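So for the sequence shown, the numbering used here puts the first residue at 124; every next one is plus one.
For glycine and all other residues, C-beta sits at the position ideal for the given N, C-alpha and C.
This structure is a prediction, so every number in the text was calculated from the model and none was measured.
What follows is a single structure, written as structure tokens, with notes after it.
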Amino acid sequence: MEKEIKLTQASIDELKAELEYLKTVREREVAEQIKEARSFGDLSENSEYDEAKNEQGKLYSRIAEIENIIAHAKIIEEPVGNDKTVGHGSKIVLEFSDDGSREEYMIVGTQEVDPDMGRISDESPIGKAVMGKHAGDKVSIEVPGGHMECVVISVTR
Numbered sequence: 124m125e126k127e128i129k130l131t132q133a134s135i136d137e138l139k140a141e142l143e144y145l146k147t148v149r150e151r152e153v154a155e156q157i158k159e160a161r162s163f164g165d166l167s168e169n170s171e172y173d174e175a176k177n178e179q180g181k182l183y184s185r186i187a188e189i190e191n192i193i194a195h196a197k198i199i200e201e202p203v204g205n206d207k208t209v210g211h212g213s214k215i216v217l218e219f220s221d222d223g224s225r226e227e228y229m230i231v232g233t234q235e236v237d238p239d240m241g242r243i244s245d246e247s248p249i250g251k252a253v254m255g256k257h258a259g260d261k262v263s264i265e266v267p268g269g270h271m272e273c274v275v276i277s278v279t280r
């Protein structure tokens, strides 16, 4: 059985829009590139043809990937009631005990992760540890390099 992929409705909508673009506009562009490259003659020595075919392979791979994601997507529902509990879509500030540094994160599904933007997965070590916690809670996090302690400073939506 395939693993479900947790996504927000907005992310699913973005993927559907990308899929539509790839299947219509981009697929026609790549087909035109292949047609043009064929017109250059001998395909065995035609680098334009090889490049166009590689682009077609990447396109079909991405289409299949998006279709798989959509097929196995589970929409993350916004929690009802207390918005001060860490859950999907929560923005949190953590203070780490070892050096007193503070980091801000947003808890998202695995397909929406972007560490550079502070978006971490609910399945990451930090994400798992803080799910269900509240501001003021102390959290113990098991990470590949050992063990970390922190305090949840704030939780917002």
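Hey, could you find the ends of the alpha helix (DSSP H) residue i is sitting in?
| i | result |
| --- | --- |
| G250 | 248–253 |
| E143 | 132–144 |
| E178 | 170–194 |
| I230 | Here I230 belongs to no alpha helix (DSSP H); instead the beta strand (DSSP E) covers 225–231. |
| E127 | Run containing E127: none; DSSP gives neither H nor E here. |
| Q156 | 150–161 |
Buried or exposed: where does residue i fall if 16 or more other Cβ atoms within 10 Å of its Cβ makes it buried?
| i | result |
| --- | --- |
| D221 | exposed |
| T147 | exposed |
| A175 | buried |
| D245 | buried |
| S213 | buried |
| S134 | buried |
| V266 | exposed |
| E235 | buried |
For residue i, which residues of its own chain have a beta-carbon under 7 Å away from its beta-carbon, when the five flanking residues on both sides are left out?
| i | result |
| --- | --- |
| R149 | L182 |
| E141 | I189 |
| E178 | V153, Q156 |
In chain order, what residues of the same chain have a beta carbon less than 8 Å from the beta carbon of residue i, not counting five sequence neighbours either side?
| i | result |
| --- | --- |
| V262 | L217, A252, V253, K256, E272, C273, V274, V275 |
| H270 | S263, I264 |
| F219 | R225, E226, M271, E272, C273 |
| H195 | E125, K126, E127, I128 |
I'd like to confirm the pairing. Which residues does DSSP put opposite residue i in its beta bridges?
| i | result |
| --- | --- |
| M271 | I264 |
| T279 | K214 |
| T208 | H257 |
| I198 | L130 |
| D237 | R242 |
Determine the extent of the beta strand (DSSP E) in which residue i is found, giving its start and end residues.
| i | result |
| --- | --- |
| I243 | 242–244 |
Here's a check: name, in chain order, each residue in its chain whose Cβ is nearer than 6 Å to the Cβ of residue i, leaving out the five neighbours to either side.
| i | result |
| --- | --- |
| K197 | E127, K129 |
| D260 | V275 |
| V278 | K207, V209, S213, I215, A258 |
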